[in-house]
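Asker:
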Amino acid sequence: EPEVTQTPSHQVTQMGQEVILRCVPISNHLYFYWYRQILGQKVEFLVSFYNNEISEKSEIFDDQFSVERPDGSNFTLKIRSTKLEDSAMYFCASTKILYNEQFFGPGTRLTVL
Amino acid sequence: KQEVTQIPAALSVPEGENLVLNCSFTDSAIYNLQWFRQDPGKGLTSLLLIQSSQREQTSGRLNASLDKSSGRSTLYIAASQPGDSATYLCAAYSGGGADGLTFGKGTHLIIQP
Numbered sequence: 001e002p003e004v005t006q007t008p009s010h011q012v013t014q015m016g017q018e019v020i021l022r023c024v025p026i027s028n029h030l031y032f033y034w035y036r037q038i039l040g041q042k043v044e045f046l047v048s049f050y051n052n053e054i055s056e057k058s059e060i061f062d063d064q065f066s067v068e069r070p071d072g073s074n075f076t077l078k079i080r081s082t083k084l085e086d087s088a089m090y091f092c093a094s095t096k097i098l099y100n101e102q103f104f105g106p107g108t109r110l111t112v113l
Numbered sequence: 114k115q116e117v118t119q120i121p122a123a124l125s126v127p128e129g130e131n132l133v134l135n136c137s138f139t140d141s142a143i144y145n146l147q148w149f150r151q152d153p154g155k156g157l158t159s160l161l162l163i164q165s166s167q168r169e170q171t172s173g174r175l176n177a178s179l180d181k182s183s184g185r186s187t188l189y190i191a192a193s194q195p196g197d198s199a200t201y202l203c204a205a206y207s208g209g210g211a212d213g214l215t216f217g218k219g220t221h222l223i224i225q226p
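Chains as they are written, first to last, in the working numbering: chain A, 1 to 113; chain B, 114 to 226.
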C-alpha cells in the first residue's frame, strides 16, 4: 500500500544551522502539508502546498521556514536558522483530493542543541 | 479559531471492554473530522474519516460518529485488545483559510491484559 515517507528519521543540529527535512508524498496525491508536534503538545499545522505554491500557512510558519517541491516526487521543509524551540517531530502529509483523508509520514525528529 | 478538545486525557481499561473516546470542537463549520492513532515516538495512522454530511463511519471494531450541531465526535472501540493501546487523536478540517487539520491533544489509552 502506498505510504508517505520521510528522511531522516532523526536530525540533530546546532542552533543557527540550516536543516532540510525531506518527504516523498504518495505518488498521485496533489495536496501536501507539514505539521509539527513539540513533545507533549498538540500536532500543529505549519503549511499547505498545492500546484507548486503555498496554499496556506500558520502563524508558526515565519520567514525562517520555506517549502519546496524540487522535482516530481520530493517535498521539502527548510528551516534557515534553527532555534532551540524548533525541536519537535515534523510530519509530512498528503491527500489526493481537498477535504479528503490526509495520510501522514512517520515523522522526522529534529533536535536543536 | 477552531479548538479541539479530547476527553479523557488518559484511560485504562481491562481487555475485552467496549469503550468510547470523546472529541469536541468549537466551530461546527467543518468539512470533515479524522481520527488517528499514534504509537509512542511514531507517526499518525489514519483510522477513520467522517465527512460533514455523514453521521458515522465504521472500520472493523471501530465506529466513529459525528454530530456537527453539537460539535462532538466519538470513537467507539469494541472488544478492546492490548494492541489497541496507543494515543488516539481527533482532528477537524475547517478549510477556508485554515487549510490544515486542527488536532486535539489526544486520549492516551491503555488496555490491560
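Beta carbons: idealized from backbone N, C-alpha and C, even for Gly.
Short of 8 Å Cβ to Cβ, which residues in the stretch 18-39 of chain A face chain B?
Answerer: Y33 and Y35
Asker: Relative to the alpha-carbon of A:R109, which residue among A:P2, A:Q6 and A:E1 has its alpha-carbon at the smallest distance?
Answerer: A:Q6
Asker: In the DSSP assignment, find the unbroken beta strand (DSSP E) run with A:F45 in it and report its ends.
Answerer: V43 to Y50
Asker: B:F86 CB to nearest chain A CB: under 8 Å?
Answerer: In the structure displayed, chain B extends from 114 to 226; residue 86 of chain B sits before or after that span and is not available.
Asker: For the beta strand (DSSP E) containing B:L124, list its first residue and its last residue.
Answerer: Annotation: the continuous beta strand (DSSP E) that includes B:L124 extends over A123 to P127.
Asker: Decide if the stretch 169-184 of chain B is in contact with the stretch 121-130 of chain B; the criterion is three or more beta carbon pairs, one per stretch, under 8 Å apart.
Answerer: no
Asker: Beta-carbon of B:D67 versus every beta-carbon of chain A: anything under 8 Å?
Answerer: For residue 67 of chain B there is no data in the structure shown, the boundaries of chain B being 114 and 226.
Asker: Which partner residues does A:T76 have in the DSSP bridge list?
Answerer: A:R22 and A:E68
Asker: Drop a sphere of 10 angstroms on the beta-carbon of A:Q17, count the other beta-carbons inside from all chains shown, and report buried for 16 or more, exposed for fewer.
Answerer: Around the CB of A:Q17, fewer than 16 other CB atoms lie within 10 Å, so the residue is classed as exposed.
Asker: Can A:S9 and A:Y33 be called in contact, C-beta distance under 8 Å?
Answerer: A:Y33 is positioned such that its CB atom lies no closer than 8 Å to that of A:S9.
Asker: Can you tell me the Cβ-Cβ gap for A:P25 and A:C92, rounded? I've got them flagged as a contact below 8 Å.
Answerer: Between A:P25 and A:C92, the beta carbon gap of about 7 Å places them in contact (Cβ cut-off 8 Å).
Asker: With three or more beta-carbon pairs closer than 8 Å as the criterion, would you say the stretch 149-163 of chain B touches the stretch 187-204 of chain B?
Answerer: yes
Asker: Who are A:L110's beta bridge partners in DSSP?
Answerer: DSSP lists A:Q11 and A:A88 as partners of A:L110.
Asker: So, is B:R150 buried or exposed, given that buried needs 16 or more other C-beta atoms within 10 angstroms?
Answerer: buried
Asker: Assuming B:L161 and B:Q170 are in contact, meaning their beta carbons sit under 8 Å apart, how far apart are those beta carbons, in whole angstroms?
Answerer: 5 Å
Asker: Given A:I38, which residues of its chain have a CB within under 7 Å of its CB, disregarding the five upstream and five downstream residues?
Answerer: A88
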